[in-house]
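Asks:
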Amino acid sequence: MELAVGGGMRRSASHTSLSESDDFELTRLLSKPRINVERQRSFDDRSLSDVSHSGGYGRGGFDGMYSPGGGLRSLVGTPASSGLHSFEPHPIVGDAWEALRRSLVLFRGQPLGTVAAVDHASEEVLNYDQVFVRDFVPSALAFLMNGEPDIVKNFLLKTLLLQGWEKKVDRFKLGEGAMPASFKVMHDAKKGVETLHADFGESAIGRVAPVDSGFWWIILLRAYTKTTGDLTLAETPECQKGMRLILSLCLSEGFDTFPTLLCADGCCMIDRRMGVYGYPIEIQALFFMALRCALQMLKHDNEGKEFVEKIATRLHALSYHMRSYFWLDFQQLNDIYRYKTEEYSHTAVNKFNVIPDSIPDWLFDFMPCQGGFFIGNVSPARMDFRWFALGNMIAILSSLATPEQSVAIMDLIEERWEELIGEMPLKICYPAIENHEWRIVTGCDPKNTRWSYHNGGSWPVLLWLLTAACIKTGRPQIARRAIDLAERRLLKDGWPEYYDGKLGRYVGKQARKFQTWSIAGYLVAKMMLEDPSHLGMISLEEDRAMLKPVLKRSASWTN
-17 MELAVGGGMR RSASHTSLSE SDDFELTRLL SKPRINVERQ RSFDDRSLSD VSHSGGYGRG
43 GFDGMYSPGG GLRSLVGTPA SSGLHSFEPH PIVGDAWEAL RRSLVLFRGQ PLGTVAAVDH
103 ASEEVLNYDQ VFVRDFVPSA LAFLMNGEPD IVKNFLLKTL LLQGWEKKVD RFKLGEGAMP
163 ASFKVMHDAK KGVETLHADF GESAIGRVAP VDSGFWWIIL LRAYTKTTGD LTLAETPECQ
223 KGMRLILSLC LSEGFDTFPT LLCADGCCMI DRRMGVYGYP IEIQALFFMA LRCALQMLKH
283 DNEGKEFVEK IATRLHALSY HMRSYFWLDF QQLNDIYRYK TEEYSHTAVN KFNVIPDSIP
343 DWLFDFMPCQ GGFFIGNVSP ARMDFRWFAL GNMIAILSSL ATPEQSVAIM DLIEERWEEL
403 IGEMPLKICY PAIENHEWRI VTGCDPKNTR WSYHNGGSWP VLLWLLTAAC IKTGRPQIAR
463 RAIDLAERRL LKDGWPEYYD GKLGRYVGKQ ARKFQTWSIA GYLVAKMMLE DPSHLGMISL
523 EEDRAMLKPV LKRSASWTN
């Protein structure tokens, strides 16, 4: 799919171009001034009941959305800090900023995103020269923290235009709200034209559409609004429609009996076959966070009001389901171990008919007396008991996890430091699958061998999520210890994409060097630890209203 810059409109079966009117509209949106809002009562502190009964947020709905600490920059390119949080910058910080800026992609002279990797030593480029939506998030946060929001605004608006393209895989048309996995700027030197080529999954391994892209887009839109105080972007008809289109894909009614989203394998950061089909924790946590972010930004007009009500209802059900059935600690593990099966009634304890013999042996030793986590997947007669880092970190940041559960997740990380952190943070999942199970689950995937890549590999990009979760739970010492580990190797090893081995000791066998989100993840972690006020752009406080059932008056109430 291509987006042409220049005069005229080109169309084909699956190609759409940017018309002059669309180009003008983008310019108009980019030229809108940013405004700062006086901090009064934070919108994050408002409950679902406040939202449900308000007549609309107007300007007041985003009170306190401006997050301090994103303005001034120091000589090395990191945010200037106050004396309260001041630290001596590590020597590799300057190198990290230089590497991040080398990854910038320009479109018509304007920065639009960052490529996945700038590894000149690699002969095969594959798709690492593209701008991935999920990969750009840590880069975007780094630029926001550094007082450079324009690149983030450009990215949000351009991907919004890409969302409007016709999307086909073979002869099947994807939903209108689907966001691309990635896009690439194409240069035609002869014609003097730049075009964008977007991938919605039709070129991806396994041809799977990225479910997480739309969620990350909504989360990033809130982070931009929170940091800059620019309310006008989220309020534009284009952004409002974009959010509604994404949500319409997720909130439609069907045959589901659970509030979680049913997904195919490979639809998120783990984009290869790894047995995460069904209801993966990563997607459920991102879904929950995106719903809460959208709830803050959607207008209560004729089109938005219906979505606000659907979101509120879904959040109640989703939070209950996840906290009840995905959560695992010592007591819950013992309860599952003693489950009876084949229960048929509304009072069944073993609601998913999980067979206790399916509990893997490693889990009994792994589970500490103090600690817990959200398991990887729950569906009929199946529980994936693996630990997945991204889903658990997002659960903390979005307050999908209760305060007690958040503390328990951090307890687990401390208790199982060698397994989950080792010599390079952070294990994307634990444990690795191997031998016969590896052959069945991955289809003998040569990239996802044991303790490598998505199969128990260690990913430095996850450092920013770990740091944010540590700050939110009052455990910054965990983040500081993890960052110290990463600083010993990252620059020396050339900012690898991932590390291999049980302890994450070895640079990944197929890892790209100068992986952009490894660089950006480190910078975001450092800046957040230096100035914890940055946490506000990516964190949501618990809303007690989600614990209460949604009550609606019947049509005959006033009769």
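-17 is the number of the first residue of the sequence shown in my numbering; add one for each residue after it. Don't be surprised by glycine CBs; every beta carbon is placed ideally from N, CA and C.
Can you give me the C-alpha to C-alpha distance between Glu148 and Gly224, rounded to a whole angstrom?
Replies: Working through the sequence shown from its first residue, we reach residue 148 at position 166. Working through the sequence shown from its first residue, we reach residue 224 at position 242. When rounded, the distance between both Cα atoms is 14 Å.
Asks: Please return the same chain residues whose Cβ sits closer than 8 Å to the Cβ of Leu233, not counting the five positions on each side in sequence.
Replies: Working through the sequence shown from its first residue, we reach residue 233 at position 251. Hits under 8 Å: Phe289, Lys292, Ile293 and Arg296.
Asks: According to DSSP, is Leu86 helix, strand or coil?
Replies: The sequence position of residue 86 within the sequence shown is 104, counting from 1. In the structure shown, Leu86 sits in a strand (DSSP, three-state: E or B).
Asks: In this structure, how does DSSP classify Phe118 when only helix, strand and coil are distinguished?
Replies: Translated into the one-based positions of the sequence shown, residue 118 becomes position 136. Helix at Phe118.
Asks: Note down the Cα distance separating Leu560 from Ser195, rounded to an integer number of angstroms.
Replies: Residue 560 lies beyond the residue range present for the chain, which begins at -17 and ends at 541; the question has no answer from this structure.
Asks: Hey, does Gly439 have any beta-carbon neighbour from chain B nearer than 8 Å?
Replies: Of the protein chains in the structure, only one exists, and it is not chain B.
Asks: Would you grab the beta carbon distance between Val360 and Gly257 for me? Rounded to a whole angstrom, and I think it's under 8 Å.
Replies: The sequence position of residue 360 within the sequence shown is 378, counting from 1. The sequence position of residue 257 within the sequence shown is 275, counting from 1. Not really, about 13 Å apart at Cβ, beyond 8 Å.
Asks: CB Ala160 to CB Leu231, shorter than 8 Å?
Replies: Residue numbering aside, residue 160 sits at position 178 when the sequence shown is read from its first letter. Residue numbering aside, residue 231 sits at position 249 when the sequence shown is read from its first letter. For Ala160 and Leu231, yes; Cβs fall inside 8 Å.
Asks: So what does DSSP say about Cys351, is it helix, strand or coil?
Replies: The sequence position of residue 351 within the sequence shown is 369, counting from 1. Looking at Cys351 - three-state DSSP - the assignment turns out to be coil, as it is neither helix nor strand.
Asks: What span of residues does the beta strand (DSSP E) with Asp366 cover, start to end?
Replies: Position 384 of the sequence shown, counted from the start, is the residue given in the question as residue 366. Per DSSP, Asp366 belongs to the beta strand (DSSP E) from Arg364 to Phe370.
Asks: Under 8 Å, do Pro442 and Gly503 count as touching if we go by C-beta distance?
Replies: For the purposes of this step, residue 442 is taken as residue 460 along the sequence shown, with counting starting at 1. For the purposes of this step, residue 503 is taken as residue 521 along the sequence shown, with counting starting at 1. Yes, the Cβ-Cβ distance between Pro442 and Gly503 is below 8 Å.
Asks: Do three or more CB pairs link the region 270 to 284 to the region 376 to 389 at distances below 8 Å?
Replies: With the cut-off at 8 Å, the region 270 to 284 and the region 376 to 389 touch.
Asks: For Asp311, which beta-bridge partners are listed by DSSP?
Replies: To locate residue 311, count along the sequence shown from 1; it is residue 329. Answer is Gly354.
Asks: Given a cut-off of 8 Å, decide if Arg90 and Glu220 are closer than it, judged by their beta-carbon atoms.
Replies: Translated into the one-based positions of the sequence shown, residue 220 becomes position 238. Translated into the one-based positions of the sequence shown, residue 90 becomes position 108. The answer is no: Cβ separation not under 8 Å.
Asks: Have a look at Ser306, Asp253 and Leu444 and flag the residue whose alpha-carbon is nearest the alpha-carbon of Ser185.
Replies: As a first step, residue 185 is located in the sequence shown; it is residue number 203 there, counting from the start. Of the listed residues, the one whose Cα sits closest to Ser185 is Asp253.
Asks: Within 10 angstroms of the Cβ of Met168, are there 16 or more other Cβ atoms? Answer buried if so, exposed if not.
Replies: Indexing the sequence shown from 1 puts residue 168 at position 186. So Met168 ends up on the exposed side.
Asks: With His169 as the anchor, note down where its beta strand (DSSP E) starts and where it stops.
Replies: As a working note, residue 169 is residue 187 in the sequence shown. Where His169 is concerned, the enclosing beta strand (DSSP E) stretches over Ser164 to Asp170.
Asks: Expressed to the nearest angstrom, what Euclidean distance is found between the alpha-carbon atoms of Pro407 and Lys484?
Replies: In the sequence shown, the residue the question calls residue 407 occupies position 425. In the sequence shown, the residue the question calls residue 484 occupies position 502. Their backbone Cα atoms lie some 12 Å apart in a straight line.
Asks: Would you give the residue range spanned by the beta strand (DSSP E) that Val175 belongs to?
Replies: By one-based count along the sequence shown, residue 175 stands at place 193. It spans Val175 to Asp181 - the beta strand (DSSP E) in which Val175 sits, taken as one unbroken run.
Asks: CA-CA distance, Asp343 and Ile337?
Replies: Along the sequence shown, read from residue 1 onward, the residue named residue 343 stands at position 361. Along the sequence shown, read from residue 1 onward, the residue named residue 337 stands at position 355. Cα to Cα, the separation comes out at about 14 Å.
Asks: Could you compute how far the alpha carbon of Pro241 sits from the alpha carbon of Phe270?
Replies: In the sequence shown, residue 241 corresponds to position 259, counting from 1. In the sequence shown, residue 270 corresponds to position 288, counting from 1. Computed Cα separation, rounded: 10 Å.
Asks: Relative to the C-alpha of His516, which candidate in Thr210, Val115, Gly95 and Asn109 has its C-alpha closest?
Replies: Mapped onto the sequence shown, residue 516 falls at position 534. Among Thr210, Val115, Gly95 and Asn109, the Cα nearest to that of His516 is on Thr210.
Asks: Would you kindly work out how many angstroms separate the C-alpha atoms of Asp317 and Thr329, rounded to a whole number?
Replies: Along the sequence shown, one-based indexing puts residue 317 at 335. Along the sequence shown, one-based indexing puts residue 329 at 347. Between Asp317 and Thr329, the C-alpha separation is close to 16 Å.
Asks: Secondary structure at Ser301, three-state DSSP: helix, strand or coil?
Replies: By one-based count along the sequence shown, residue 301 stands at place 319. Helix, per DSSP.
Asks: Please specify which runs of the alpha helix (DSSP H), each continuous and at least 4 residues long, are wholly inside the region 421 to 507, giving them in chain order.
Replies: Taking only runs of at least 4 residues, the alpha helix (DSSP H) segments lying wholly in the region 421 to 507 are 445 to 454 and 458 to 469.
Asks: Just the Cα atoms here: how many angstroms apart are Trp309 and Lys166?
Replies: The residue you call residue 309 lines up with position 327 of the sequence shown. The residue you call residue 166 lines up with position 184 of the sequence shown. Distance between the alpha carbons of Trp309 and Lys166 is about 39 Å.
Asks: Please list, in chain order, all residues of the same chain as Ser85 whose beta carbon is under 7 Å from its beta carbon, the five residues on each side excluded.
Replies: The sequence position of residue 85 within the sequence shown is 103, counting from 1. If we look at Ser85 and ignore the five residues flanking it on each side, its Cβ neighbours are Thr96, Val97, Val100 and Thr498.
Asks: Look at the Cβ atom of Leu315, then the Cβ atom of Leu345, and state whether they are nearer than 8 Å.
Replies: Position 333 of the sequence shown holds residue 315. Position 363 of the sequence shown holds residue 345. In contact: Leu315 and Leu345 (Cβ atoms closer than 8 Å).
Asks: Taking the continuous alpha helix (DSSP H) assigned at Leu268, which residues delimit it?
Replies: By 1-based counting over the sequence shown, the position of residue 268 is 286. First-last of the alpha helix (DSSP H) with Leu268: Ile263 to Met279.
Asks: Quick check: the Cα distance between Phe114 and Asn335, rounded to an integer number of angstroms?
Replies: Along the sequence shown, read from residue 1 onward, the residue named residue 114 stands at position 132. Along the sequence shown, read from residue 1 onward, the residue named residue 335 stands at position 353. Rounded to whole angstroms, Phe114 to Asn335 spans 39 Å at the Cα level.
Asks: Assuming Gly188 contacts Gly248 under a Cβ cut-off of 8 Å, what Cβ separation, rounded to an integer in Å, is found between them?
Replies: Counted from its first residue, the sequence shown places residue 188 at position 206. Counted from its first residue, the sequence shown places residue 248 at position 266. Their Cβ separation, rounded to whole angstroms, is 5 Å, which keeps Gly188 and Gly248 in contact under 8 Å.
Asks: If you draw a straight line from the alpha carbon of Ala88 to that of Lys172, how long is it in whole angstroms?
Replies: Along the sequence shown, read from residue 1 onward, the residue named residue 88 stands at position 106. Along the sequence shown, read from residue 1 onward, the residue named residue 172 stands at position 190. Before going on, a small fix: residue 88 reads as Leu here, not Ala. So the alpha carbons of these two residues sit roughly 18 Å apart.
Asks: Between Pro514 and Arg457, what straight-line distance do the alpha-carbon atoms span, to the nearest angstrom?
Replies: Residue 514 sits at position 532 when you count from the first residue of the sequence shown. Residue 457 sits at position 475 when you count from the first residue of the sequence shown. Approximately 12 Å between the Cα atoms of the pair.
Asks: Put Gly211 into one of helix, strand or coil per three-state DSSP.
Replies: For this step, residue 211 is matched to residue 229 along the sequence shown. Here Gly211 sits in coil by DSSP.
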